[in-house]
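S.K.:
Numbering (our numbering), first residue to last: 11 to 205.
#1: Sort out for me which residues DSSP pairs residue 100 with in a bridge.
#2: Is the closest heavy atom of the ligand HEM to the C-beta of residue 64 under 8 Å?
#3: In this structure, how does DSSP classify residue 160 when only helix, strand and coil are distinguished?
#4: Compare the Cα-Cα distances from residue 147 to each of 111, 191, 195 and report the closest residue.
#5: So, are the CB atoms of residue 176 and residue 68 less than 9 Å apart?
#6: Hey, how far is the Cα of residue 83 from the Cα of residue 93?
#7: Going by CA-CA distance only, name the one from 118, 127, 200, 33 that's closest to residue 55.
#8: Let's see if you can read the secondary structure: which residues bound the alpha helix (DSSP H) around residue 16?
#9: Would you check if there are 3 or more beta carbon pairs closer than 8 Å linking the segment 27-34 to the segment 153-167?
#10: How big is the Cα-Cα spacing for residue 186 and residue 151?
#11: How far does the alpha helix (DSSP H) with residue 38 in it reach, from first residue to last?
#12: Residue 120 and residue 135 look like a contact to me (Cβ under 8 Å); what is the Cβ gap, rounded to whole Å?
#13: Check for me: the beta strand (DSSP E) holding residue 45 runs from which residue to which?
#14: Out of 86, 44, 16, 26, state which residue places its alpha-carbon closest to the alpha-carbon of residue 50.
#15: By Cβ distance below 7 Å, which residues in the same chain neighbour residue 81 in space, the five residues on each side in sequence not counted?
#16: Within its chain, find whatever has a CB closer than 8 Å to the CB of residue 99; leave out the 5 residues flanking it on each side and keep chain order.
Given below as structure tokens:
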């Protein structure tokens with residue numbers, strides 16, 4: 011579905027005050043723009059919606075503040091959060107189906123709410139699923155760097171830190187390393203939060 015169509019559908023949902031379509035519209039539009047995060051931020055008169063694209067928060071649209079409680083409830087229900095709790099931060103997760111380039115994809119959402127003076131602020135981390143984990147040699151490391159990392163993951167002791175900004179490939183790197191190690195028939199256990 012084109013981004014123009016997604017945006018028009020979103021605008022129509024806002025005009026109609028249709029909370030389920032608004033939430034679906036925010037997520038579809040954000041995924042279509044390859045946003046890593048979606049922020050819903052109540053202000054004095056309106057509610058601002060911003061997406062993080064390429065590491066930068068971009069203002070996308072606003073909607074009337076009177077619609078915000080319904081939007082918050084809809085998102086909380088998706089994430090299995092308590093809709094009656096508005097004084098404490100909450101966190102949860104959800105899965106949803108989005109349509110991109112004529113095919114449907116499942117995306118994982120990490121949702122957190124934070125109370126503020128104008129209502130609850132919502133942050134949604136959009137995590138696209140890996141279709142196929144690339145082999146370790148296809149991660150883009152070459153020569154000496156590839157040798158160093160391959161040696162490090164095969165060490166029997168120690169810690170390997172993988173750091174970087176959102177969307178930089180940390181999860182892909184870790185899963186690829188585990189796939190490489192699994193060939194050696196060793197026991198692998200992961201503890202993820204959420205990685």
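Where a beta carbon is used, it is the ideal one built from N, C-alpha and C, also for glycine. It should be emphasised that the depicted structure is a prediction, and the values quoted were computed from it without experimental measurement.
M.R.: Reading off the structure:
#1: 123
#2: In terms of ligand content, the structure shown is empty, and the ligand HEM therefore cannot be addressed.
#3: helix
#4: Of all alpha-carbon atoms in 111, 191, 195, the one lying nearest the alpha-carbon of residue 147 is that of 191.
#5: no
#6: 6 Å
#7: 127
#8: 13-26
#9: Touching, no, given that fewer than three Cβ pairs across the two stretches are closer than 8 Å.
#10: 12 Å
#11: 29-42
#12: 4 Å between Cβ atoms; contact.
#13: No beta strand (DSSP E) holds residue 45; DSSP gives it neither H nor E.
#14: 86
#15: 29, 32, 33, 50
#16: 122, 123, 124, 125
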